[in-house]
Amino acid sequence: MTICFFVVIVFSFNTCKYSFKDTSPIPAEIKTFRVNYLENKARYINTQLSPQLTEKLKDKIRGNTRLRQVNEDSAHYDISGYVSDYTVSTSGISGNTASSNRLSVSFHLIFKNNLDISKNFETDISTNYDFSASQNLSQAESTLTPDIIKNTIDGIFNKIFSNW
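So the number in the numbering used here is just where the residue sits in the sequence shown, counting from 1, plus 1123.
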């Protein structure tokens, strides 16, 4: 009886598997990716955004998938896009003055699967960041830019690799 119980336990542990990676299985035929320069087409240009978004996205894909980066038109996954909106609005009012502002950032993602065009898509990723009205935009950007980049990269990555 003890041997049967032991065999069942060992079998159970060998058949259970859970992964904490935030990716869906990538088809075996997909081997390469290219990230084109992610432009900033918003009215207001945060000069740090485009180069950092481009490089951080490349880093995330290289570090979290088995795909190899190439700089050729023949890449299996071809990723491009642009910052489409970068605006500040009042989000909170105290008395007759603004108490907090909101920075809204939108990114337009263009994804091409060069091996299966039915998987191509375009989508928008938007996030909001609140900051004190006592700060001007430049001051707020110094603390918000790392979060903007991380959240935008996570949103892009999840849209492509996690089907979120």
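Just so it is clear, CB atoms sit at the ideal spot from N, CA and C, and this is done for glycine as well. Keep in mind it's a predicted model, so treat the numbers as computed, not measured.
- prompt: Do residue 1163 and residue 1172 have their C-beta atoms closer together than 7 Å?
  reply: Here residue 1163 is taken as the residue at index 40 of the sequence shown, counted from 1. Here residue 1172 is taken as the residue at index 49 of the sequence shown, counted from 1. Yes; because the gap between Cβ atoms is below 7 Å, this pair is in contact.
field: Residues bridged to residue 1235 [DSSP beta-bridge criterion]
entry: Position 112 of the sequence shown, counted from the start, is the residue given in the question as residue 1235. DSSP, once it has assigned bridges, lists 1201 as partnering residue 1235.
message: Let me check understanding here. Comparing Cα to Cα, which of 1151, 1167, 1150 and 1277 lies closest to residue 1260?
response: To locate residue 1260, count along the sequence shown from 1; it is residue 137. Measuring from the Cα of residue 1260, the nearest candidate turns out to be 1167.
message: With H, G and I counted as helix, E and B as strand and the rest as coil, what does DSSP make of residue 1248?
response: Indexing the sequence shown from 1 puts residue 1248 at position 125. Correct three-state label for residue 1248: strand.
task: Please list, in chain order, all residues of the same chain as residue 1214 whose beta carbon is under 7 Å from its beta carbon, the five residues on each side excluded.
output: In the sequence shown, the residue the question calls residue 1214 occupies position 91. So the qualifying residues of the chain are 1223, 1224, 1225 and 1253.
Secondary structure of residue 1270, DSSP reduced to three states: Along the sequence shown, one-based indexing puts residue 1270 at 147. Correct three-state label for residue 1270: helix.
- request: Out of 1238, 1234 and 1250, state which residue places its alpha-carbon closest to the alpha-carbon of residue 1244.
  value: By one-based count along the sequence shown, residue 1244 stands at place 121. Nearest C-alpha to residue 1244: 1234.
Of the listed residues 1281, 1249, 1200 and 1263, nearest to residue 1241 (C-alpha basis): Locating residue 1241 in the sequence shown gives position 118, counting from the first residue. Answer by Cα proximity: 1200.
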